[in-house]
Amino acid sequence: MASPLLTAEEQRVFDDRLAEILSHYPSDRKSAAMLPALHLLQSMKGWLPPDGMEMVAHKLEVSPERAYEVATFYVMFHIRKPGKYVVDVCTNLSCSLWGAEDLLAYLEQKLGVTAGESNGTWTLREAECLASCGTAPCLQVNEVHHENLRSRAAVDAVFARLKPAS
Ligand code: FES
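In structure tokens, the structure reads:
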């Protein structure tokens, strides 16, 4: 059945894909499929709206709070609608030694958004180590990795290719 969250066609696709996911789990352990189910919804909607988390919880026969708990534990899930580009700037030790705080401040000014916030185009976040310590400082844009960002020109080159949300 369709909901305001998804069109009838989207709901059919979601239900079919969820059924395939659930086929890998014991029928009395549907809740174990929470991560792939939330990932599926996010892949379709771009984020996890509250009514979407409720739908997933209902289908996995758990409370809505359980879906919310899982969604808020993992940074890859968005419980608020993100910008077109999600920018994760590593501010852990190696990147910090190579000026990650200055990089973050530069991006706040360049993108017009405070770290931890979103606008229509950008979501800017601090991130824990992105496993690129030897090529610090680094960041990811929509999970695409960029490293050796030791000059403004290198940073500007990354963002020059990205078009604002229309
Ligand atoms: S500290 Fe930044 S990638 Fe490891």
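Okay, so the sequence shown: first residue is -14 according to my numbering, each after it adds one. Just so you know, even glycine gets a beta-carbon here, dropped at the ideal spot from N, CA and C. Small disclaimer: the values here were computed from a predicted structure and weren't measured.
Query                                                                                                                         : Result
L(-9) and A22 closer than 8 angstroms at C-beta                                                                               : no
DSSP state of S16 mapped onto helix, strand, coil                                                                             : helix
Residue range of the alpha helix (DSSP H) that includes Y53                                                                   : P49 to F58
Any non-hydrogen atom of the ligand FES closer than 7 angstroms to A100 Cβ                                                    : no
Other residues of its chain near M(-14): CB distance less than 6 angstroms, five sequence neighbours each side excluded       : Below a pLDDT of 50, predicted positions are generally treated as unreliable, and M(-14), at 48, falls in that range; no measurement from the model is reported.
Cβ-heavy atom distance, N77 to the ligand FES, below 7 angstroms                                                              : yes
Residue burial classification, Q27 (beta-carbon count within 10 angstroms, cutoff 16)                                         : buried
Residue burial classification, M161 (beta-carbon count within 10 angstroms, cutoff 16)                                        : For residue 161 there is no data in the structure shown, the boundaries of the chain being -14 and 151.
DSSP three-state assignment for V126, whether helix, strand or coil                                                           : strand
Nearest to E113 (by Cα), restricted to the options Y10, P34, V74 and L20                                                      : V74
Cβ-Cβ distance between T120 and N133 below 8 angstroms                                                                        : yes
Neighbourhood of E111 by C-beta distance below 7 angstroms, restricted to the same chain and skipping five residues each side : V74, T76, L89 and A100
Other residues of its chain near A56: CB distance less than 8 angstroms, five sequence neighbours each side excluded          : L23, L33, M38, F62 and I64
S117 Cβ short of 7 angstroms to the ligand FES heavy atom set                                                                 : yes
Simplified DSSP assignment, three categories, for S65                                                                         : Note that residue 65 corresponds to Arg in the displayed sequence, not to Ser. The answer is coil: DSSP assigns R65 none of H, G, I, E or B.
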